[in-house]
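K.L.:
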Amino acid sequence: AQSVAQPEDQVNVAEGNPLTVKCTYSVSGNPYLFWYVQYPNRGLQFLLKYITGDNLVKGSYGFEAEFNKSQTSFHLKKPSALVSDSALYFCAVRGGTNAGKSTFGDGTTLTVKP
Amino acid sequence: AAGVIQSPRHLIKEKRETATLKCYPIPRHDTVYWYQQGPGQDPQFLISFYEKMQSDKGSIPDRFSAQQFSDYHSELNMSSLELGDSALYFCASSLEASGANVLTFGAGSRLTVL
Chain A
1 AQSVAQPEDQ VNVAEGNPLT VKCTYSVSGN PYLFWYVQYP NRGLQFLLKY
51 ITGDNLVKGS YGFEAEFNKS QTSFHLKKPS ALVSDSALYF CAVRGGTNAG
101 KSTFGDGTTL TVKP
Chain B
1001 AAGVIQSPRH LIKEKRETAT LKCYPIPRHD TVYWYQQGPG QDPQFLISFY
1051 EKMQSDKGSI PDRFSAQQFS DYHSELNMSS LELGDSALYF CASSLEASGA
1101 NVLTFGAGSR LTVL
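Protein chains in written order, with our numbering: chain A, 1 to 114; chain B, 1001 to 1114.
Here it is in structure tokens:
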């Protein structure tokens, strides 16, 4: 069974500082990894994905994530946080051999303070 | 660009009633997914369809059923509603044939069971 862990319920950073939202995964075969963001009362929006290739993936709104196979991690990062980045972030995984569902982590609430 | 359309946006039902949620995927997307997100919870996978055939099944209760029609829209039918069914129900679509694997989510249908 595939699973995702987001160890932090809440991440607080000051505007302009770098941010990291952590994610580790467990899956059979090669992982497909995703980050989604959810604003209040809205659907999830795709940020970025790793399928294959370069371990550092760049996505929307200046976010990036690094795939680390040995640590089974896919942490989300941004060099300089904005107040507007405040939202709920979900990491998701699906196995390369599983064409069906994506499994989501519990979510991490990011709060960026001015 | 066209997005995933879900209806209704809000639905209020009483216990033991039935409810039907509708989802219209992005045109030419071949896969539809249904997720349930309870308050403060991560999205839980319910069921998916690929080319109108059920492709995967998650934690969907026996009281729920879903199908995908010839025009690719999907409906989630919920019967004998319980208080615990109150949640945000998301539909997502993707084009699996392209290998992109990115889910595009609708805005969700919020079901409240009284």
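Idealized CB from N, CA, C, for every residue including glycine. Since the structure is predicted, the reported quantities are computational estimates derived from the model, not experimental observations.
1) Using only CA atoms, which one of A:Y32, A:T111, A:P114 and A:K49 lies nearest to A:G95?
2) Closer than 9 angstroms between beta carbons: that is the criterion. Which residues of the region 39-55 of chain A meet it against chain B?
3) What is the rounded straight-line gap between the Cα of B:A1092 and the Cα of B:E1014?
4) Would you mind working out which of A:V112, A:S86, A:K113 and A:N68 sits nearest A:Y39, comparing C-alpha positions?
5) Could you tell me which residues DSSP pairs with B:I1005 in its beta bridges?
6) How would you list, in chain order, the residues of chain A whose beta-carbon sits under 8 angstroms from the beta-carbon of B:Y1033?
7) When the Cα atoms are used, what is the spatial distance from B:D1042 to A:L44?
8) Along the beta strand (DSSP E) that carries A:R94, what are the first and last residues, could you check?
9) What does B:L1103 touch in chain A if you count any residue whose Cβ is under 9 angstroms from its own?
10) Which of the three DSSP states is assigned to B:D1030 in this structure?
11) Please list the partners that A:G105 has in chain B, where partner means a Cβ-to-Cβ separation under 8 angstroms.
12) For B:S1059, tell me which candidate among A:Q6, A:K101 and A:V83 has the shortest Cα-Cα distance.
13) Mapping the DSSP letters down to three states, classify B:L1076 as helix, strand or coil.
14) Would you identify the three-state DSSP class for A:D106, choosing helix, strand or coil?
15) B:F1064 CB to nearest chain A CB: under 9 angstroms?
P.N.:
Short version:
1) When only C-alpha atoms are compared, the closest one is A:Y32.
2) Considering only beta carbons, the part of the region 39-55 of chain A lying closer than 9 angstroms to chain B consists of N41, R42, G43, L44, Q45, F46, K49 and I51, in chain order.
3) The alpha-carbon atoms of B:A1092 and B:E1014 are separated by roughly 26 angstroms.
4) A check of alpha carbon separations from A:Y39 across A:V112, A:S86, A:K113 and A:N68 identifies A:S86 as the nearest.
5) Looking at the DSSP assignment, B:I1005 forms a beta bridge with B:Y1024.
6) In chain order: K101 and S102.
7) When rounded, the distance between both Cα atoms is 11 angstroms.
8) Run containing A:R94: A87 to G95, per the beta strand (DSSP E) assignment.
9) Near B:L1103 (Cβ distances below 9 angstroms), the residues of chain A are F34, Y36, L44, F46, A92 and S102.
10) It is coil, neither helix nor strand.
11) Result: D1042.
12) Scanning A:Q6, A:K101 and A:V83 for the CA closest to the CA of B:S1059 turns up A:K101.
13) Strand.
14) Residue state for A:D106 is assigned as coil, using DSSP reduced to three classes.
15) Under the Cβ criterion of 9 angstroms, B:F1064 is not counted among the residues facing chain A.
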